[in-house]
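In this note's numbering, the protein residues as written are 14 to 416.
Here a beta-carbon is modelled for each residue, glycine too, at the ideal position from N, C-alpha and C.
Computed from a predicted model, the values in this text were never measured in an experiment.
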């Protein structure tokens, strides 16, 4: 739950800031002249960053928001009660959530530049649909966008037609499911962008309010893009822990007193050979989750392979030792159920496990601990000393802490 909350926090804060800006008259009067230029600047910055990092999903989402804002400003201005303006507003409110939901479920590996042609075709097709609704011959289709699906009065709190409300509800549900299955910055950003788009299109009010909310949605996507780029550089994709680059950055900025623990999963190579690499990855994620709960202010990192590092920024080895002992005991008590079975394990087993039962295996770790007071003047010396202590723990029988 903590990971979900951290992913959702930036977008929620940005949307809350936009709402405060709108609700406080003094701030709104001051910011109103800046909103149109800020919206253009945010979109341009997002497109440049999307091109720089090659993130097609963010690029396309920004394009959808920008086109929606410009379409409403030019062909469906606030106060225009004509059928054409209503048709344009209705189709924009219908297509924005559906496009964002589709982009939420577009896999990163599939969203490469080869997909730009497909999405360009889809967006152009939607633009042609808007143009068609402006024709007198499309009056019946335009009225369908405001068709009553539920009893009148159930949606008077929103300026949207019921088909658009249904589209937003479905899109929001799909985006939440996608985020629950894949809690990454872009998925969280799309969830909040849908909320921002709904506030822009569904509450009515001034044109600048809609532009501000849509620009906030674009800004949320930009922040998600930056978070994604940071995670790619500093985080381990398999476990979600910070990687070695983040460890090196932390070590270079520590004070005179700190301790480093090197944690290694016992018999991991044998485990991989027995149960398969997929199950080995599951074990790495499970151990990483336990490391996240280390006490004493320790910060866990994925060091490489089956090895992890835990840094205590202001503790000596003697002070950090009880916390690592508690961690070692927590891993030893951790139940691990084998879910995926490798080919080698299937070949070795002569009989199938009982129906409904999956084998549980015991997991232990060995830990080496060193601190800056006795290991030398550089972080590299401390890590090297902790690694040497780890090998002593291994040679002494494993499942123990050595300093």
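Just to confirm my understanding: we take residue i, look at its own chain, exclude 5 residues before and 5 after, and list those with CB closer than 8 Å. What are they?
| i | result |
| --- | --- |
| residue 329 | 270, 272, 384, 386 |
| residue 335 | 309 |
| residue 209 | 28, 31, 226, 227, 229, 230, 233 |
| residue 265 | 392 |
| residue 327 | 268, 270, 271, 310 |
Identify the continuous beta strand (DSSP E) that holds residue i and give its terminal residues.
| i | result |
| --- | --- |
| residue 194 | Looking at the DSSP string, residue 194 is not in any beta strand (DSSP E); the run it does join, the alpha helix (DSSP H), is 175-194. |
| residue 268 | Neither: residue 268 is in no beta strand (DSSP E) and is coded neither H nor E. |
| residue 319 | Premise fails: residue 319 is in no beta strand (DSSP E) and is neither H nor E. |
| residue 138 | Where residue 138 is concerned, there is no enclosing beta strand (DSSP E), although the alpha helix (DSSP H) it sits in stretches over 129-146. |
| residue 383 | 378-384 |
Whole angstroms is fine: what's the gap from residue i's alpha carbon to residue j's?
| i | j | result |
| --- | --- | --- |
| residue 17 | residue 196 | 6 Å |
| residue 32 | residue 137 | 32 Å |
| residue 397 | residue 71 | 42 Å |
| residue 257 | residue 45 | 45 Å |
| residue 216 | residue 140 | 24 Å |
| residue 339 | residue 306 | 10 Å |
| residue 316 | residue 281 | 15 Å |
| residue 319 | residue 295 | 12 Å |
| residue 332 | residue 407 | 22 Å |
| residue 121 | residue 35 | 35 Å |
| residue 382 | residue 341 | 12 Å |
| residue 19 | residue 25 | 10 Å |
| residue 38 | residue 220 | 16 Å |
| residue 304 | residue 249 | 14 Å |
| residue 190 | residue 411 | 42 Å |
| residue 135 | residue 214 | 21 Å |
| residue 87 | residue 194 | 39 Å |
| residue 346 | residue 286 | 23 Å |
| residue 376 | residue 337 | 16 Å |
| residue 245 | residue 146 | 44 Å |
Within a Cβ cutoff of 6 Å, which residues of the same chain sit near residue i, ignoring the five residues on either side of it in sequence?
| i | result |
| --- | --- |
| residue 7 | Outside the modelled stretch of the chain, which goes from 14 to 416, sits residue 7, for which no answer is possible. |
| residue 359 | In this prediction, residue 359 scores a pLDDT of 46, lower than 50, which makes its location untrustworthy; the coordinate-derived value is nonetheless stated afterwards. Within the same chain, residue 359 has no close Cβ partners at all. |
| residue 198 | 237, 240, 241 |
| residue 23 | 236 |
Return the Cβ separation of residue i and residue j in integer angstroms, given the expectation that the two are a contact with Cβ distance under 8 Å.
| i | j | result |
| --- | --- | --- |
| residue 204 | residue 192 | 5 Å |
| residue 118 | residue 187 | 7 Å |
| residue 263 | residue 324 | 6 Å |
| residue 314 | residue 255 | 5 Å |
| residue 61 | residue 106 | In fact, because the Cβ distance is near 28 Å, the residues do not count as touching under 8 Å. |
| residue 344 | residue 378 | 5 Å |
| residue 81 | residue 224 | In fact, because the Cβ distance is near 10 Å, the residues do not count as touching under 8 Å. |
| residue 322 | residue 260 | 6 Å |
| residue 275 | residue 394 | Not quite, the Cβ-Cβ distance comes to about 13 Å (not below 8 Å), so this is no contact. |
Using DSSP with H/G/I as helix, E/B as strand and the rest coil, what is residue i?
| i | result |
| --- | --- |
| residue 309 | coil |
| residue 69 | helix |
| residue 292 | helix |
| residue 303 | helix |
| residue 209 | helix |
| residue 276 | strand |
| residue 255 | strand |
| residue 287 | helix |
| residue 79 | helix |
| residue 172 | coil |
| residue 350 | strand |
Hey, quick one: how far does the alpha helix (DSSP H) through residue i stretch, first residue to last?
| i | result |
| --- | --- |
| residue 242 | 220-247 |
| residue 49 | 48-66 |
| residue 375 | Unbroken run through residue 375: none, as it is neither H nor E. |
| residue 331 | 330-345 |
| residue 411 | Where residue 411 is concerned, there is no enclosing alpha helix (DSSP H), given that its DSSP letter is neither H nor E. |
Going along the chain, which residues of its own chain have a beta-carbon closer than 7 Å to the beta-carbon of residue i, five neighbours each way excluded?
| i | result |
| --- | --- |
| residue 110 | 180, 181, 184, 207, 210 |
| residue 13 | Since the first and last residues shown for the chain are 14 and 416, residue 13 lies out of range. |
| residue 409 | 415 |
| residue 284 | 293, 296 |
| residue 251 | 294, 297, 298 |
| residue 348 | 373 |
| residue 75 | 56, 59, 60, 63, 231, 234 |
| residue 362 | Caution applies to residue 362, whose pLDDT of 46 falls short of 50 and renders its modelled position unreliable; the value that the coordinates give is listed next. There are no such residues. |
| residue 502 | Absent from the model: residue 502. The displayed extent of the chain is 14 to 416, so no value can be given. |
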